[in-house]
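Inspection log for the structure reproduced underneath, given as structure tokens.
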Amino acid sequence: MTSFEENLKMSWGKIPTGVAVLTTLEANGDIHGITINSFFSLSIKKPSLLVSISKSAKSHDLIVKDRKFGLSVLNSDQKEYGEFFSRNSKEKLPDKFDLVLMGKGIHVIKNSLIQFSCELDFMTSVSDHTLFAANIIKVNSNDSSPLLWHKSNFYDL
Numbered sequence: 099m100t101s102f103e104e105n106l107k108m109s110w111g112k113i114p115t116g117v118a119v120l121t122t123l124e125a126n127g128d129i130h131g132i133t134i135n136s137f138f139s140l141s142i143k144k145p146s147l148l149v150s151i152s153k154s155a156k157s158h159d160l161i162v163k164d165r166k167f168g169l170s171v172l173n174s175d176q177k178e179y180g181e182f183f184s185r186n187s188k189e190k191l192p193d194k195f196d197l198v199l200m201g202k203g204i205h206v207i208k209n210s211l212i213q214f215s216c217e218l219d220f221m222t223s224v225s226d227h228t229l230f231a232a233n234i235i236k237v238n239s240n241d242s243s244p245l246l247w248h249k250s251n252f253y254d255l
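The opening residue of the sequence shown carries number 99 in the numbering used here; numbering runs sequentially from there.
Set out below in structure tokens:
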């Protein structure tokens, strides 16, 4: 990385963000996930959200193929999920991890702060990432505290 890229990454890291895990299904039916912090609400009237995914991420092609995904905004007790799904090469999903079916083959993390069931509306390429806009089909939430990402570390509120 150049010093500009390093400075830019460090600068963006100073902004606290929520942590989410985006889940899709692999061709063999296994659940695949990726930890993200690039997501936000697009509209409440037309319930929708936007996520940014690197074109090199396995999740990218799975979203394009299946046109649906789950998004679990993690609570402060779910750091293990954030760490596990942030790894590039993942082993088998740990038995202690608890994911639930939200319908239409969309899985989310049980007891996460917010659970979104999403169907792809449109996508657009921006440099080395794709922005995926998705309609929110179903949402669940609870009153737990969020898990935050700040300066390359997890924190609770």
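Backbone N, C-alpha and C fix where the C-beta goes; we use that ideal spot for every residue, glycine too.
Reference K177, options A231, K156, N209 and S146, closest by Cα:
Within the sequence shown, the letter at position 79 stands for residue 177. Taking K177 as reference, the option from A231, K156, N209 and S146 with the minimal CA-CA separation is N209.
Taking only the alpha-carbon atoms, compute the straight-line gap between T121 and R165 and give it to the nearest angstrom.
In the sequence shown, the residue the question calls residue 121 occupies position 23. In the sequence shown, the residue the question calls residue 165 occupies position 67. Between the alpha carbons of T121 and R165 lies a distance of about 12 Å.
Mind checking whether L230 and I161 have CB atoms under 8 Å apart?
The count along the sequence shown starts at 1 and reaches residue 230 at position 132. The count along the sequence shown starts at 1 and reaches residue 161 at position 63. It should be noted that the sequence gives Phe, not Leu, for residue 230. Yes.
In this structure, does DSSP put V162 in helix, strand or coil?
Counted from its first residue, the sequence shown places residue 162 at position 64. Note: V162 maps to helix in three-state DSSP.
Among all the DSSP beta bridges, which residues are the ones paired with K190?
Taking the first residue of the sequence shown as 1, we reach residue 190 at position 92. Within the DSSP secondary-structure output, K190 pairs in no beta bridge.
Here's the rule: buried if 16 or more other CB atoms are within 10 angstroms of the residue's CB, otherwise exposed. What is F138?
Mapped onto the sequence shown, residue 138 falls at position 40. Classification for F138: exposed.
Are the CB atoms of N173 and L218 within a distance shorter than 8 Å?
For the purposes of this step, residue 218 is identified with residue 120 of the sequence shown, where counting begins at 1. For the purposes of this step, residue 173 is identified with residue 75 of the sequence shown, where counting begins at 1. Contact: no.
Nearest-angstrom beta carbon gap, K249 and G131 [assumed within contact, 8 Å]
As a first step, residue 131 must be located in the sequence shown, where it is residue number 33. As a first step, residue 249 must be located in the sequence shown, where it is residue number 151. Actually they are not in contact, since the Cβ atoms of G131 and K249 sit about 24 Å apart, beyond 8 Å.
Starting from F182 and walking both ways along the alpha helix (DSSP H), at which residues does that stretch end?
Locating residue 182 in the sequence shown gives position 84, where the first residue counts as 1. Looking at the DSSP string, the run of the alpha helix (DSSP H) that includes F182 is K177 to S184.
Candidates I234, D193, N238 and V119: closest to L140 by CA position:
For the purposes of this step, residue 140 is taken as residue 42 along the sequence shown, with counting starting at 1. Nearest of I234, D193, N238 and V119 to L140, Cα basis: I234.
Since L211 contacts S242 with CB under 8 Å, what's their CB separation in whole angstroms?
If you number the sequence shown from 1, residue 211 lands on position 113. If you number the sequence shown from 1, residue 242 lands on position 144. Confirmed, about 5 Å.
Spatially closest choice to K202 from G127, K156 and P114, by CA coordinates
Working through the sequence shown from its first residue, we reach residue 202 at position 104. Of the candidates G127, K156 and P114, the one whose C-alpha sits nearest the C-alpha of K202 is G127.
Could you give the C-beta distance for N135 and V119, rounded to a whole number, given that I count them as a contact under 8 Å?
Residue mapping note: residue 135 aligns to position 37 of the sequence shown, counting from 1. Residue mapping note: residue 119 aligns to position 21 of the sequence shown, counting from 1. Incorrect: roughly 11 Å between the Cβ atoms, too far for contact.
Spatial neighbours of T222 in its chain, beta-carbon cut-off 6 Å, leaving aside the 5 residues before and after
Working through the sequence shown from its first residue, we reach residue 222 at position 124. Excluding residues within five positions, the ones whose Cβ falls inside 6 Å are L229.
Given H158 as reference, the closest of E104, I204 and D226 once Cα atoms are compared:
As a first step, residue 158 must be located in the sequence shown, where it is residue number 60. Minimum Cα distance to H158 is reached at D226.
How is M108 classed by DSSP in three states: helix, strand or coil?
As a first step, residue 108 is located in the sequence shown; it is residue number 10 there, counting from the start. Note: M108 maps to helix in three-state DSSP.
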